[in-house]
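Colleague:
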Amino acid sequence: MSYLPDSDSEDEMPPGWTEQVTEEGIILYRNNQTGSTQWTHPRTGRTKRISGDLPIGWRMSYDEKSKCNVFFNTETKQTTLVDPRLAFAVEEPPRAISQVRQRFDGSSTALQVLHGKNLHGHVAVITGANSGIGYETARSLAFHGCEVIFACRNKFSTEQAIERIAQERPTTRNRLHFAQLDLASFKSVYLFVEDIKSKMKHIDYLILNAGVFALPYTLTEDNIETTFQVSHLSHFYITLELEPLFDHKTRIVILSSESHSCFTSNLRQVHPTIDRFKEVFDLDFINKGFVIVECFMNMKGLSGSLCNDSKEDYK
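Just remember that our numbering sits 121 ahead of the position in the sequence shown, which is counted from 1.
1. In or out: Y358 buried (at least 16 other Cβ within 10 Å) or exposed?
2. Starting from Q141, follow its DSSP beta bridges and name the residues at the other end.
3. Please state the DSSP three-state secondary structure of F361.
4. What separation, rounded to the nearest whole angstrom, lies between the Cα atoms of N91 and P205?
5. For the alpha helix (DSSP H) that contains E289, what are its first and last residues?
6. Ordered along the chain, which non-local residues of its own chain (more than five positions away) have a Cβ less than 6 Å from that of I218?
7. Between T248 and N194, how many whole angstroms is the CB-CB distance? I'm expecting something under 8 Å.
8. Out of curiosity, what's the CA-to-CA distance linking L312 and T165?
9. Just grab the DSSP bridge partners of H298 for me.
10. Can the beta-carbon of R167 be found closer than 9 Å to that of E213?
11. Please state if the CB of F334 and the CB of S306 are separated by a distance shorter than 9 Å.
12. Measuring straight from C-alpha to C-alpha, what distance separates Q233 and D343?
13. Closest to L327 by C-alpha separation, out of K238, T371, Q288, would be which residue?
14. For L327, does the three-state DSSP call read helix, strand or coil?
15. Closer than 8 Å by C-beta to W138: which residues in its own chain qualify, once you throw out the five before and the five after it? Chain order, please.
16. Considering only C-alpha positions, which residue in the set P365, H356, K308 is nearest to V374?
17. Using a 10 Å radius around the Cβ and a threshold of 16 neighbouring Cβ atoms, would you call Q288 buried or exposed?
18. Just curious, the alpha helix (DSSP H) that F307 is in, first and last residue?
19. Check whether the Cβ atoms of I286 and A272 lie closer than 9 Å to each other.
20. I'd like to check one pair, H265 with S239: are the Cβ atoms closer than 9 Å?
21. Return the bridge partner residues of D184 from the DSSP annotation.
22. Figure out for me which residue from V310, I283, K308, R290 has the closest Cα to the Cα of L297.
23. Within this structure, are the beta carbons of R170 and E144 separated by less than 9 Å?
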């Protein structure tokens, strides 16, 4: 039996919470706002522990000044206060049979997760669905009867992706559609949203998958740093404008990564609404102050905030 977490998103820490490791290897959860601690994960209610050995290449030392352990990667020369073993923490076995349940982990495929599901009549909109995770998600949803909108920039590669799925499962052909979307252009985003609203009455799944990373410093036609606009601002715009097509059952899925944990900005100062868009996101600051990596980290943190807010709005 595996005691790995169900998913990365479920295991994510709520804002204001951090993880600490005791000498016994048990993970302690701390609420930085109240100062309280607990042994159970604040979201899942489960306890976890780490292995005794550090990953290969890591060293640990005690810093007298900060009164805490410091971890050093001998290969990358990276120094951090975050225990690298947290990335490989395992769940403590349940003490009661009632706590045992079906779970998925990093080795689970989309087809395994959807096994036995009937998604006929459901509609999914997926950005960047012509390759990678977006493509596999679209393929799996289509195989289970879902109508899928491929929101992509490149029409030719998207049509090729749709054709591959249709050849593999001919019954999906009429349920797969291309929709033009260039996330580096607010004009394109606006036209995309208007097109979707004119054709669809309801959206069951909005999967914000597209993104870019490690680009040279460039500005979009809207004079905003490319990574920030493509990976966060345009997705926020889409979510806000498609809200009339959502209900309490709609799932909004935002693909992120562990990079969100490096986000250091105050979310209360960068919580956008369409009316305060230019006021909150100082364009001059964005264009001149963001280095590429910092922009990527902040984008991941903002995506996490958007995800949490969406869950609260549709409870």
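We put the CB at the ideal spot given by N, CA and C, even for glycine.
Just so you know, these numbers come straight off a predicted model, no measurement behind them.
Modeller: Checking against the coordinates, here is how it stands:
1. Classification of Y358: buried, given that the 10 Å Cβ count is 16 or more.
2. Bridge partners of Q141: L149.
3. Note that residue 361 is Leu in the sequence shown here, rather than Phe. DSSP places L361 in the helix class (H, G or I) of the three-state scheme.
4. In the structure displayed, the chain extends from 122 to 436; residue 91 sits before or after that span and is not available.
5. Membership of E289 in the alpha helix (DSSP H) is indicated by the continuous run 276-289.
6. With a pLDDT of only 46 at I218, under 50, the local geometry of the prediction cannot be trusted, and no value is derived from it.
7. Contact doesn't hold; Cβ gap of about 34 Å is too wide.
8. Each residue's alpha carbon lies about 40 Å from the other.
9. DSSP output for H298 lists I270 as bridge partner(s).
10. For R167 and E213, yes; Cβs fall inside 9 Å.
11. If you check the CB distance, S306 and F334 do not come in under 9 Å.
12. Put simply, the backbone Cα of Q233 is about 41 Å away from that of D343.
13. The shortest C-alpha separation from L327 is found at T371.
14. Correct three-state label for L327: strand.
15. Excluding five sequence positions before and after W138, the CB atoms of its chain that fall closer than 8 Å to its own CB belong to Y150, R151, N152, N153, P163, given in chain order.
16. Looking at the Cα atoms, H356 is the closest of the given residues.
17. Counting Cβ neighbours within 10 Å, Q288 comes out exposed, since fewer than 16 surround it.
18. Unbroken alpha helix (DSSP H) run through F307: 307-320.
19. Going by C-beta atoms, I286 is not nearer than 9 Å to A272.
20. Per the sequence presented here, residue 239 reads as Asn, with Ser not at that position. Their beta carbons are under 9 Å apart, which means N239 touches H265 by this criterion.
21. C189, per the DSSP bridge assignment.
22. Distance from the Cα of L297 is smallest, within the candidate group V310, I283, K308, R290, for I283.
23. Their beta carbons are not under 9 Å apart, which means R170 does not touch E144 by this criterion.
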